[in-house]
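Numbering (my numbering), first residue to last: 248 to 580. To start, the structure under review is shown below, and the notes come after it.
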């Protein structure tokens, strides 16, 4: 970010300090407290998501932010760790893996999903949907339930496609034919591939990434940060970043396996999948193997709401990991 724009770097540095404060704050707050207020948090979340359409700030045709004393907050980002807790609480309270529990789980998911999709924010809507489905899969519902769910999604797909905004439809068309409109709908994808490819093996170096610095690459500091990073540090830097995410995800998954109960396990699993899906979708669209959606790269992309959210989730993972250590100490003593 420093190599792209010093002003963006300074803003992100402030967000980083706030995120560190949030990390240590939540590290000293038992995440299980939120479990007791799941219903109230869920209702409050739906109200705020609905309120965004009334008092939200519009930018680039989307209403996703609330202006709070001059600071724009993207609530769909901040909600993620709390949604995971709400969803994990609902699943852990039920010992039954029957159709009724499966359907009530979807009833919890879909109001949040559709409100975020309506903003429109297809990227975050996909994150919520896939995270919830993965949590349900790890919970142990029969596979035939998921097969039926995806059949219900795939069959009316033409109807869902018509509900998308025109620019979202164009992104899908440009993915299927990336050279069809090089100065229009395909522009972002083409410029991203040029940025990644022009970095070569070791990159052009910080401050030398012409595609991003000269603004040929759109959203160079958010959605296409991986392309910017790859242009600066090349294939070597891209692989290094991928390895760092692999370590983070492996550690997160290991923490989920060591969780002391079903609730903690599902919370850790939910956070693991949020990080995994975010990284996979962002890198995939930067490399041209997935359609372009508005997805940030965790801990790398510019954005205060995203950074704070990621640090809160890492704090909860740290708590779950410390629970295992404390229980092990009690067993030894």
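For glycine and all other residues, C-beta sits at the position ideal for the given N, C-alpha and C. Quick caveat, the model's predicted, so the values are computed rather than measured.
With 16 other CB atoms within 10 Å as the buried threshold, where does residue 347 fall?
As a first step, residue 347 is located in the chain shown; it is residue number 100 there, counting from the start. That one is exposed.
Where does residue 321 fall in DSSP's three states?
Numbered from 1 along the chain shown, position 74 holds the residue referred to as residue 321. Three-state result, residue 321: strand.
Kindly indicate which three-state DSSP category residue 315 falls into: helix, strand or coil?
Stepping through the chain shown from its first residue, residue 315 is reached at position 68. Residue 315 falls in the strand class under three-state DSSP.
Grab the span of the beta strand (DSSP E) containing residue 306 for me, first residue to last.
On the chain shown, position 59 is the one that residue 306 refers to. Per DSSP, residue 306 belongs to the beta strand (DSSP E) from 304-306.
Taking 8 Å as the cut-off, does the region 507-516 touch the region 327-340 (at least 3 CB pairs, one atom from each stretch)?
yes
Three or more C-beta pairs closer than 8 Å, one from the region 258-268 and one from the region 549-560: is that the case here?
yes
In or out: residue 361 buried (at least 16 other Cβ within 10 Å) or exposed?
Translated into positions along the chain shown, residue 361 becomes position 114. The residue in question, residue 361, is exposed, as its Cβ has fewer than 16 Cβ neighbours within 10 Å.
Give a yes or no on whether the C-beta atoms belonging to residue 374 and residue 525 are separated by under 9 Å.
The residue given as residue 374 occupies position 127 in the chain shown. The residue given as residue 525 occupies position 278 in the chain shown. Contact: yes.
Roughly how many angstroms separate the alpha carbons of residue 278 and residue 296, rounded to a whole number?
Here residue 278 corresponds to residue number 31 of the chain shown, with the count starting at 1. Here residue 296 corresponds to residue number 49 of the chain shown, with the count starting at 1. For residue 278 and residue 296, the distance between alpha carbons rounds to 22 Å.
Applying the criterion that 16 or more other CB atoms from any shown protein chain within 10 Å of the CB defines a buried residue, is residue 387 buried or exposed?
Against the chain shown, residue 387 aligns to sequence position 140. The residue in question, residue 387, is exposed, as its Cβ has fewer than 16 Cβ neighbours within 10 Å.
Nearest to residue 368 by CA position, among 536, 309, 399 and 357, is which residue?
Residue 368 sits at position 121 when you count from the first residue of the chain shown. Ranking 536, 309, 399 and 357 by Cα distance to residue 368 puts 309 first.
In its own chain, which residues sit with a C-beta less than 7 Å from the C-beta of residue 537, not counting the 5 before and 5 after it?
The residue labelled residue 537 in the question sits at position 290 within the chain shown. If we look at residue 537 and ignore the five residues flanking it on each side, its Cβ neighbours are 528 and 531.
Nearest by alpha-carbon distance to residue 523: which of 378, 284 and 399 is it?
As a working mapping, residue 523 is identified with position 276 in the chain shown. Residue 523 has its Cα closest to that of 378, out of 378, 284 and 399.
What number of angstroms, rounded off, separates the C-alpha of residue 274 from the C-alpha of residue 307?
As a working mapping, residue 274 is identified with position 27 in the chain shown. As a working mapping, residue 307 is identified with position 60 in the chain shown. In a straight line, the C-alpha of residue 274 is about 36 Å away from that of residue 307.
CA nearest to the CA of residue 489, picked from 500, 501 and 473
Translated into positions along the chain shown, residue 489 becomes position 242. Considering only alpha carbons, the answer is 473.
For residue 357, the nearest candidate out of 304, 564 and 371 (CA to CA):
Along the chain shown, one-based indexing puts residue 357 at 110. When only C-alpha atoms are compared, the closest one is 371.
Look at the alpha carbon of residue 289 and the alpha carbon of residue 276, and state the distance between them as a whole number of angstroms.
Counting from one through the chain shown, the residue named residue 289 turns up at place 42. Counting from one through the chain shown, the residue named residue 276 turns up at place 29. Answer to the nearest angstrom: the Cα atoms are 19 Å apart.
Alpha-carbon spacing of residue 268 relative to residue 546, whole angstroms
Numbered from its first residue, the chain shown carries residue 268 at position 21. Numbered from its first residue, the chain shown carries residue 546 at position 299. C-alpha separation (whole angstroms): 15 Å.
Quick check: the region 477-485 against the region 444-457, are there 3 or more CB pairs under 8 Å?
yes
Taking the alpha-carbon positions, what's the residue 283 to residue 485 distance?
In the chain shown, residue 283 corresponds to position 36, counting from 1. In the chain shown, residue 485 corresponds to position 238, counting from 1. About 42 Å.
Given residue 554 as reference, the closest of 402, 568, 323 and 475 once Cα atoms are compared
To locate residue 554, count along the chain shown from 1; it is residue 307. Answer by Cα proximity: 323.
Reference residue 565, options 419, 470, 256 and 272, closest by Cα:
In the chain shown, residue 565 corresponds to position 318, counting from 1. The option with the nearest alpha carbon to residue 565 is 272.
Residues near residue 285 in its chain [Cβ-Cβ closer than 6 Å; skip 5 each side]:
For this step, residue 285 is matched to residue 38 along the chain shown. 333 and 336.
In whole angstroms, give me the CA-to-CA distance for residue 292 and residue 521.
Working through the chain shown from its first residue, we reach residue 292 at position 45. Working through the chain shown from its first residue, we reach residue 521 at position 274. Those two C-alpha atoms are separated by around 18 Å.
Please report the Cβ distance between residue 433 and residue 458, rounded to the nearest whole angstrom; I am assuming they are in contact, meaning their Cβ atoms lie under 8 Å.
Position 186 of the chain shown holds residue 433. Position 211 of the chain shown holds residue 458. Contact flag wrong, Cβ pair sits at about 16 Å.
Inside the region 464-535 only - alpha helix (DSSP H) runs reaching at least 4 residues:
472-504 and 509-533
Helix, strand or coil for residue 456 per DSSP?
In the chain shown, counting from the first residue as 1, residue 456 sits at position 209. Coil.
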